[in-house]
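Asks: Structure provided below as structure tokens; questions to follow.
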Amino acid sequence: ARVDKDGYKHFMAKEIAEQPSVLANALSAYVTEHGIALPDPGIDFSKIDRLTMVACGTAFYACFTAKYWFEQLAGMPVEVDVASEFRYREPPITKGTAALFVSQSGETADTLAALRYCQGKADKIFSVVNVSESSIARESDLALPIHAGAEIGVASTKAFTCQLNVLLLLALKAAVERGRMTQDRLEDILEGLRAMPGTFNAALDRDADFSSISSRLAESRDVLFLGRGLMYPLALEGALKLKEISYIHAEAYASGELKHGPIALIDQHMPVVVFAPKDSLFEKTVSNMQEVMARGGKVVLITDAAGAEAAGEDVWRTVVLPAVPEVLSPLLYALPAQLLAYHTAVAKGTDVDQPRNLAKSVTVE
Ligand code: G6P
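For the sequence shown, the UniProt record's numbering gives the first residue as 241, with consecutive numbering after it.
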């Protein structure tokens, strides 16, 4: 079926805006009133020693986020890597390894090659894809669709949130099978997840805040993104989105690494976007933020109401998002990563949906 922009200026804008409904749809497929209803991945996570996750680009950052979930919720050893490195490194795949490949298109050449490398070595090969009739889906023992619908914008948006959704559900399933999660805690998390489409809608109401900040980001040569814990992969995704479509040099650091290098770059010309809901690591991130502000750096803080209050008055710009349970924050903070990049690109007048030199699906090495 032909997909059109439905009155939006760009496919990317449409795909950002439709996340609440797409997420609701994905949730109706995988979460019922009785709990998680994923198709049986054919894996007993209590019998698996290690999970290896491989992908490229935005899908890789979904895997990196999932590493935190699998480790923290399920106590599961996890390795993540970009496919182009993994495939040539000759990583030993020991018995007891499940290999998981994440790809929107299901056709990315490096990811497919990494999957083939694992065939005959891993106990189980499964994938999380958007296109169910893709090579990666076909060559997996089981492919879980993310139900994002066709994604046209080259920079991935709704596919990322839907990848996170499926990966979180897998991590929760692993946590249950490994005896690491009570039914009550699971129910709490699922409750928060069911509410996520509404939460996302509330966050979309902050659109004007993002566009006003972006008009300033558009004047910058470099932007630094910081995050800690679950927010570190989101900071990486924010930097990726910004460079992909606005062509502004952006990089992301784990907040705690600031003092080991990037702090040397900080001056009044360097906006520093900090993703920091008021979670268990918030105090630590705030002290990193103060190190930035003490050197004249302009901090853009993306947080919740409690975080905004605790952060003090020296922050250059703050956007307040709804508060969500810590474990669900990556889903919500995908939105600022997308909206900052989108509005910055619009302010600069770059080609949002078809950025130069990039392809939607990279089917050659
Ligand atoms: C390209 C796209 C990205 C995407 C990456 C991986 O670089 O421009 O948006 O994240 O490929 O694609 P995949 O289809 O494997 O998720």
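Every residue, glycine too, gets a C-beta built ideally from N, C-alpha and C.
Quick check: what's the CA-CA separation for serine 495 versus leucine 466?
Replies: So the two alpha carbons sit approximately 5 Å from each other.
Asks: For the putative contact between alanine 253 and tyrosine 582, defined by C-beta atoms under 8 Å, what is the C-beta separation to the nearest angstrom?
Replies: Between tyrosine 582 and alanine 253 the Cβ distance is about 6 Å, and since that is below 8 Å, they are a contact.
Asks: Would you kindly check if the distance between the Cβ of aspartate 593 and the Cβ of valine 394 is under 8 Å?
Replies: Yes, they are a contact pair.
Asks: Threshold first: 4 residues or longer. Then list the alpha helix (DSSP H) segments lying entirely within the region 520-582, N to C.
Replies: If we require 4 residues or more, the alpha helix (DSSP H) runs fully inside the region 520-582 come out as 522-533, 545-551.
Asks: Could you tell me which uninterrupted beta strand (DSSP E) segments, each at least 3 residues in length, are contained entirely in the UniProt domain "SIS" (281-420), listed from first to last along the chain?
Replies: The qualifying runs are 290-295, 318-322, 337-343, 364-369, 382-385.
Asks: In the DSSP assignment, the beta strand (DSSP E) including glutamate 491 goes from what residue to what residue?
Replies: Segment 489-494, the beta strand (DSSP E) holding glutamate 491.
Asks: Looking at alanine 383: is its Cβ nearer than 8 Å to the Cβ of cysteine 358?
Replies: In this structure, cysteine 358 does not lie closer than 8 Å to alanine 383 by Cβ.
Asks: Is it buried or exposed for serine 569, if we count other Cβ within 10 angstroms and need 16 for buried?
Replies: It is buried - the Cβ of serine 569 has at least 16 other Cβ atoms within 10 Å.
Asks: With a threshold of 7 Å, establish whether the CB of cysteine 296 neighbours any heavy atom of the ligand G6P.
Replies: Yes, since a heavy atom of the ligand G6P falls inside the 7 Å radius drawn around the Cβ of cysteine 296.
Asks: Quick one: Cα of tryptophan 309 to Cα of arginine 327, how far?
Replies: Answer to the nearest angstrom: the Cα atoms are 24 Å apart.
Asks: Among Arg418, Val539, Gly478, which has the Cα closest to the Cα of serine 286?
Replies: Cα-wise, what sits closest to serine 286 is Arg418.
Asks: What number of angstroms, rounded off, separates the C-alpha of residue 184 from the C-alpha of aspartate 428?
Replies: With the chain represented from 241 up to 605, any question about residue 184 goes unanswered, as that position is not in the structure.
Asks: Over what stretch of residues does the beta strand (DSSP E) that includes leucine 466 continue unbroken?
Replies: That run of the beta strand (DSSP E) goes 462-467.
Asks: Mind checking if glutamine 594 is an interface residue toward chain C, Cβ cutoff 8 Å exclusive?
Replies: No chain C appears in the structure shown, which is made up of a single protein chain.
Asks: Round the Cβ separation of methionine 293 and valine 322 to the nearest angstrom and send it over; I've been treating them as touching at under 8 Å.
Replies: Their Cβ separation, rounded to whole angstroms, is 10 Å, which puts methionine 293 and valine 322 out of contact at 8 Å.
Asks: Going by other Cβ atoms of all chains shown within 10 Å of its Cβ, with 16 needed for buried, is glutamate 605 buried or exposed?
Replies: Exposed is the call here.
Asks: Does the region 545-556 touch the region 390-407, meaning 3 or more C-beta pairs lie closer than 8 Å?
Replies: No, because fewer than three Cβ pairs between the region 390-407 and the region 545-556 fall closer than 8 Å, the two stretches do not touch.
Asks: Please state the DSSP three-state secondary structure of threonine 272.
Replies: If DSSP states are grouped into helix, strand and coil, threonine 272 belongs with the strands.
Asks: State the Cα-Cα distance for the pair alanine 479 and leucine 263, rounded to the nearest angstrom.
Replies: Answer to the nearest angstrom: the Cα atoms are 23 Å apart.
Asks: Using a threshold of 7 Å, is the CB atom of glutamine 594 nearer than that to any non-hydrogen atom of the ligand G6P?
Replies: False, no ligand heavy atom lies under 7 Å from that Cβ.
Asks: Would the beta-carbon of alanine 338 be found less than 7 Å away from any heavy atom of the ligand G6P?
Replies: It does not: the Cβ of alanine 338 is nowhere closer than 7 Å to a heavy atom of the ligand G6P.
Asks: Under the assumption that glycine 346 contacts serine 374 (Cβ atoms under 8 Å), give the Cβ distance between them as a whole number of angstroms.
Replies: With a Cβ gap of about 2 Å, glycine 346 and serine 374 count as contacting.
Asks: Report yes or no: do the region 429-437 and the region 267-281 share at least 3 C-beta pairs separated by less than 8 Å?
Replies: Cβ pair count under 8 Å is three or more, so yes.
Asks: Pick out whichever of Thr397, Ile376, Ser367 has its Cα sitting closest to the Cα of glutamine 578.
Replies: It is Thr397.
Asks: In whole angstroms, give me the CA-to-CA distance for serine 460 and alanine 443.
Replies: Distance between the alpha carbons of serine 460 and alanine 443: 25 Å.
Asks: Name the DSSP beta bridge partners of proline 511, please?
Replies: Answer by DSSP bridge pairing, in chain order: Lys538.
Asks: Does the beta-carbon of lysine 600, which I'm using as the reference point, lie nearer than 7 Å to any heavy atom of the ligand G6P?
Replies: Checking every heavy atom of the ligand G6P against the Cβ of lysine 600, one is found closer than 7 Å.
Asks: Flag glutamine 344 as yes when its Cβ comes closer than 7 Å to any non-hydrogen atom of the ligand G6P, and as no otherwise.
Replies: Checking every heavy atom of the ligand G6P against the Cβ of glutamine 344, one is found closer than 7 Å.
Asks: With DSSP collapsed to three states, give me the class of tyrosine 248.
Replies: Coil at tyrosine 248, not helix or strand.
Asks: Please name the residue in Thr543, Ile333, Glu258, Tyr248 whose C-alpha comes closest to that of phenylalanine 450.
Replies: The option with the nearest alpha carbon to phenylalanine 450 is Thr543.
Asks: Kindly list the residues whose CB is nearer than 8 Å to the CB of glutamine 508, restricted to its own chain and excluding five residues on each side of it in sequence; keep chain order.
Replies: Closer than 8 Å at the Cβ level, and outside the excluded window around glutamine 508, lie Gly536, Gly537, Lys538.
Asks: Can you give the Cα-Cα distance for leucine 404 and serine 261, rounded to whole angstroms?
Replies: Taking the straight line joining both Cα atoms gives about 15 Å.
Asks: Closest by CA to leucine 598, which one among Ser324, Lys483, Ala534, Ala545?
Replies: Checking every option, the nearest Cα to that of leucine 598 belongs to Lys483.
Asks: What does the alpha-carbon distance come out to for the pair aspartate 462 and histidine 489?
Replies: One C-alpha to the other measures close to 5 Å.
Asks: Out of Ala299, Leu580, Ile283, which has the shortest C-alpha to C-alpha gap to residue 190?
Replies: In this structure the chain extends from 241 to 605, so residue 190 is not present and cannot be described.
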